[in-house]
Structure formats: C-alpha cells, structure tokens
Amino acid sequence: MVTRLPEAGLERAGRLGPAIAVERRAVRCGRPSGGVMEDERSFSDICGGRLALQRRYYSPSCREFCLSCPRLSLRSLTAVTCTVWLAAYGLFTLCENSMILSAAIFITLLGLLGYLHFVKIDQETLLIIDSLGIQMTSSYASGKESTTFIEMDKVKDIVINEAIYMQKVIYYLCILLKDPVEPHGISQVVPVFQSAKPRLDCLIEVYRSCQEILAHQKATSTSP
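Start counting the sequence shown at 2; every next residue gets the next number (our numbering).
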C-alpha cells in the first residue's frame, strides 16, 4: 500500500566529493544576515524510543534536518556481554579449555566494534538545497559518516509512503527519482531516516518543509 502526499516512486544515487563540497559552500552562502534559524523538537520512533529533530533554516531555498537516534543502551550491552560470557564459562567447565574464555572475550570486543562502526547510527541528517540537490548523511557511533547525494534535477518528488514492518503498518519518508526514459515515470525510491524510523508526526514536519523547498525550486525554474 502507498500513501501519496502527492505522487510516489524513487532511486538511490551516491554522489560524494566535489558535489558535497559545493553543496556545503552553498549552505554558507545562503544563510540570512541575521543568522541561522534553528529549533529542536522531541518525537518518538515506531518502537517508542525518543528522537530529537533539529531543524536549521539557512534560507528559503536551503534547510537541514538532523534526527538524533537513541544512544546505545548500557543495559542491552551488559545483557549481551553477560550472555556470551556465561555461555563461554559453561563450555569451559565442560571442556576445561581456557581458549574458550579467550575466544569469548575476543568475539565480544570484535562484535561491539563492528556494531558501533557498521550498524549503530547516532544521527541521520537530511540537507536539501533547491539549486543543487539533496544530501543524506548517516553518522555512526564510531564516528564514521556515510553520505549520499542526489542531484535536484533527478528528484521527481518527496512523499510519505506506508509499509508493513513487524506485523504493523509504519510510515516512511522517501525521495522519488525521475525515470530518464519515461518522462512521467519513476525509476527508484530512496528511503530517508531508515535507522531512526520516526513516527508519522515527525515525518510530516520534514515533509512539509521539503515540499516548500521543492515548490520554491519549481517556481524559480519556471520564472523567466
């Protein structure tokens, strides 16, 4: 099922390096003389966890949304660590092989590092500039950042879709990309805020601002 606010469909495009540098320079140039308008609101994810949405308004044509995800739970980390070490200790009592305990410690540390570097995302950022494009950045708990850039001339629309997740209906924001072959078609759908999974009220806040940017971009491109 698809809930369209207005049309539906999209693509993932990865553009790093020079495109991002140009985009960030444009953000600085687009700031109003009075400074950046910034606010922060609290929302919830689909599981009830707390999310913080920080919105920055650089200009009528440039806005940034930073969604902070819940931090790593010390309780969950302790539970997993104790489970692994207790299992290893049980095997040690049966086999009396000290290598089992060493392997358990090594696997725990390696698993934690891998989780922080490849899985746990602390913040997701959406930067939209009507003259350049849309940049999505994921900041991992280890400090690593992953960035995707989509040129604005490839963007058809930004919509809110619905999907089935864990036996319930959830909503997600996505970018619809134009089909280069079919003028009115959609080539790919690019989901936004995949890790945070915010609820509909948070998505609507971002959606409305994105639609204002798209409307400004269309008005600028059609004006003589």
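Built from N, CA and C at the ideal position, the CB exists for glycine as well.
Computed from a predicted model, the values in this text were never measured in an experiment.
Give a yes or no on whether the C-beta atoms belonging to residue i and residue j are separated by under 9 Å.
i, j, result
"Phe66", "Arg57", "yes"
"Ala104", "Ala88", "no"
Can you tell me the Cβ-Cβ gap for residue i and residue j, rounded? I've got them flagged as a contact below 8 Å.
i, j, result
"Ser210", "Ile130", "Incorrect: roughly 13 Å between the Cβ atoms, too far for contact."
"Leu68", "Pro199", "6 Å"
"Leu174", "Phe150", "Not confirmed; about 17 Å, so no contact."
"Ile171", "Ile47", "5 Å"
"Gln212", "Ile161", "Going by Cβ atoms, the distance from Gln212 to Ile161 rounds to 11 Å, so no, they are not a contact pair."
"Val207", "Leu127", "7 Å"
"Tyr59", "Val37", "6 Å"
"His185", "Lys145", "Not really, about 39 Å apart at Cβ, beyond 8 Å."
Counting only the same chain and skipping the five closest in sequence on each side, list residues whose C-beta sits under 7 Å from that of residue i.
i, result
"Gly50", "Pro71"
"Ala53", "Glu41, Ser43, Ser69"
"Leu17", "Reliability of the predicted coordinates at Leu17 is poor, the pLDDT of 38 falling under 50, and no value is obtained from them."
"Ile214", "Ser62, Arg64, Ile129, Asp131"
Going by beta carbon distance, what residues of the same chain come within less than 8 Å of residue i, once the five residues before and after it are set aside?
i, result
"Ile122", "Cys70, Ser139, Ser140, Tyr141, Ala142, Ser196, Ala197"
"Arg26", "Its pLDDT being 44, under 50, Arg26 is placed unreliably by the model, and nothing is read from it."
"Gln218", "Ser62, Asp131, Ser132, Met153"
"Phe93", "Ser99, Ile101, Leu102"
"Glu39", "Gln55, Arg56, Arg57, Tyr58"
"Ile108", "Val85"
"Ser222", "none"
In chain order, what residues of the same chain have a beta carbon less than 6 Å from the beta carbon of residue i, not counting five sequence neighbours either side?
i, result
"Gln55", "Glu41, Cys67"
"Ile135", "Ile129, Ile151"
Pairs of beta-carbons, one from the segment 178 to 190 and one from the segment 148 to 158, closer than 8 Å: are there three or more? yes
Complete alpha helix (DSSP H) runs within the segment 71 to 133 (minimum length 4 residues, chain order): 75 to 96, 99 to 119
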